[in-house]
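First comes the structure, then the notes that go with it.
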């Protein structure tokens, strides 16, 4: 027989759990409320919640109440014993014979703790078992339908909470990762600017003295050769530092309406010879499906050349570098992908690829990709690198289409134009 | 070209030395000040045709010196030197009265021609 007050207390427990969801931060804290309240209301000795660790395929105790340390220290429970029949996912499993139930892994310890009956309630998210609530009772007894209903409701709530909080935690971790990365890039940029300024002063001294000296030594000969090397290398330092300053300065691009295809063709024209020399094939698959958007042509060309040269350096003789464009009407973006079938990049290097001074080539300044990253960012665009070791790397650069460009109309015009 | 009196204000000794070597070979007279304060003092007491001014000094901002110089009549031609080479820096310095701009590092030819051009422009009355 259930009376009204019993319902009220069930309702109170559900409310407590709901409140915990809204005010507590971690899954653990919410689940602690669940086990404590369930133990109380069912007059149980204790309860625990095991959550499936997807990596180890074991059910690990996340929270417990009322049970002795000795029992809890038994460690995780392997999956196969607990894998529930999908038909039973939303049912309470009553274990009266704890000595012979296959689900009970440590009957002796349970018995020693004074346990005489157990209830198992699967926690399911989209029909997948994600965990389990186990309730321990010191006396075997019958459970009314409303009690069982209550337990199932709690389990369903619990499963929902776990799903939501885990999703949130995953997102949080993801955002923290991105935030740290962005922060690292910008602070490196700031530091680089300071370093650049300090280095320009000694460079000015070197360049002034060496260029002045070169006029005092014979026009030909080892002295002149040496001085010319000093002058040339100092100028090279100047170029590197200029790149650094460009990267850190976040200089606003001077944009005009431009066609990514045209920019890409011009970029390819610049590097074509080098591809030819290294026997790497360039497959340019640029479709006419493209609209113009606001871009700084010089800057974007710099980005494309950087990526193309990176692809070339990663490629072996007879390798292929493929260039494709894309237009996303729904997201209103245009983009280019540059892929190679070269050596590929390991995940730890891929993470650092846009950091200034990061280079895997002895001749590299480690600024090309950092500067490219800055340029694309200043265009409100995105630049991403995907890679698989031994299979190749793909860079995808995307830019937003300016609001005043009607995609269909512009697209038609482009088509008509290309038809001539 | 007639020898000029040139003041270099830069807190890096090597810049002053290098400028002296390069410019004195062309017959110019070079004075070097290592701080903004010394620079201002030199400007008040001496007379210079050209000032090579570093924009980033430890004690005074180069822009401040530039503004101060405009009060002096006739004020010398100022060539701004900086490690931060941007168009906006140059525009800002020009607005404050700088005659030209040298991005560090620069060669002896760049230094000499910049000095000669501003002096010529001054002579022709293009620079005030």
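Protein chains in written order, with the working numbering: chain A, 2 to 421; chain B, 351 to 478. We put the beta carbon where it would ideally sit given N, CA and C, even for glycine. Because the structure is a prediction, the values reported are computed rather than measured.
Asked	Found
With residue 335 of chain A and residue 291 of chain A assumed to form a contact (beta carbons below 8 Å), what rounded beta-carbon distance in angstroms separates them?	6 Å
Does DSSP put residue 415 of chain A in a helix, in a strand, or in coil?	Low per-residue confidence applies at residue 415 of chain A: pLDDT is 45, beneath 50, and the placement is therefore not dependable enough to give any value.
Under 8 Å, Cβ to Cβ, is there at least one residue of chain A near residue 371 of chain B?	yes
Helix or strand or just coil, what does DSSP make of residue 350 of chain A?	helix
Can you check whether the C-beta of residue 443 of chain B is within less than 8 Å of a C-beta belonging to chain A?	no
Should residue 274 of chain A be flagged as near chain C, meaning a C-beta pair shorter than 8 Å?	Of the protein chains in the structure, A and B, none is chain C.
Judging by CA-CA distance, which residue of A:348, A:201, A:340, A:172 is the nearest neighbour of residue 305 of chain A?	A:340
Can you pull the DSSP bridge partners for residue 366 of chain B?	Answer by DSSP bridge pairing: none, since residue 366 of chain B is not bridged.
DSSP state of residue 422 of chain B, grouped into three classes?	coil
Do the region 259-266 of chain A and the region 221-235 of chain A make contact, defined as three or more Cβ pairs closer than 8 Å?	no
Listing by chain order, which chain A residues have their CB less than 8 Å from the CB of residue 358 of chain B?	Under the 8 Å cutoff, chain A gives no residues; its nearest Cβ is about 11 Å from residue 358 of chain B.
Can you say whether residue 455 of chain B is buried or exposed, counting buried as having 16 or more other CB atoms within 10 angstroms of its CB?	buried
Less than 8 Å between CB atoms is the rule here; does residue 398 of chain B satisfy it with respect to chain A?	no
Strictly below 7 Å CB to CB, what residues from chain A border residue 461 of chain B?	209
Of all Cβ atoms in chain A, is any one closer than 8 Å to the Cβ of residue 410 of chain B?	no
Mapping the DSSP letters down to three states, classify residue 396 of chain B as helix, strand or coil.	coil
Take residue 121 of chain A as the anchor and find which of A:103, A:127, A:112, A:113 has the nearest alpha-carbon.	A:103
Could you name the residues of chain B that residue 235 of chain A contacts, counting a contact when the two beta carbons are closer than 7 Å?	455
To the nearest angstrom, report how far apart residue 42 of chain A and residue 377 of chain A are at their CA atoms.	59 Å
Tell me the DSSP bridge mates of residue 387 of chain A?	A:395
Just the chain B side, please: which residues come within less than 9 Å of residue 375 of chain A by C-beta, in chain order?	Chain B residues near residue 375 of chain A: none, gap ~14 Å exceeds 9 Å.
Would you say residue 206 of chain A faces chain B, with C-beta separation under 8 Å as the test?	yes
Taking the beta strand (DSSP E) that residue 41 of chain A falls in, what are its first and last residues?	Per DSSP, residue 41 of chain A belongs to no beta strand (DSSP E); it is in the alpha helix (DSSP H), 28-42.
In chain order, what residues of the same chain have a beta carbon less than 6 Å from the beta carbon of residue 409 of chain B, not counting five sequence neighbours either side?	385, 386, 387
Starting from residue 48 of chain A, trace the beta strand (DSSP E) both ways and give me its first and last residue.	47-54
Within 8 Å (strictly less), CB to CB, does residue 482 of chain B reach chain A?	Lying outside 351 to 478, the shown extent of chain B, residue 482 of chain B is not represented and no answer is given.
Anything in the region 382-397 of chain B with a Cβ closer than 7 Å to a Cβ of chain A? List those residues in chain order, please.	none
Of all the CB atoms in chain B, is at least one closer than 8 Å to the CB of residue 219 of chain A?	no
Compare the beta carbon distance of residue 482 of chain B and residue 366 of chain B with 8 Å and say whether it is the shorter of the two.	Residue 482 of chain B lies beyond the stretch modelled for chain B, which goes from 351 to 478, so this question has no answer here.
Determine whether the beta carbon atoms of residue 198 of chain A and residue 406 of chain B lie at a separation below 8 Å.	yes
Indicate the three-state DSSP secondary structure (helix, strand or coil) for residue 282 of chain A in the structure shown.	strand
Who are the near neighbours of residue 471 of chain A in its chain, counting only those whose CB is closer than 6 Å to its CB and skipping five residues on each side?	Because chain A in this structure spans residues 2 to 421, residue 471 of chain A falls outside the shown range and cannot be described.
Quick check on this structure: which residue in A:260, A:309, A:261, A:22 has the alpha carbon closest to the alpha carbon of residue 283 of chain A?	A:309
Check whether the Cβ of residue 434 of chain B lies closer than 8 Å to any Cβ atom in chain A.	yes
Flag residue 116 of chain A as yes when its Cβ comes closer than 7 Å to any non-hydrogen atom of the ligand MG, and as no otherwise.	Here there are no bound small molecules, and the ligand MG is not part of this structure.
So is residue 29 of chain A buried or exposed if we call it buried at 16+ other beta carbons inside 10 Å?	exposed
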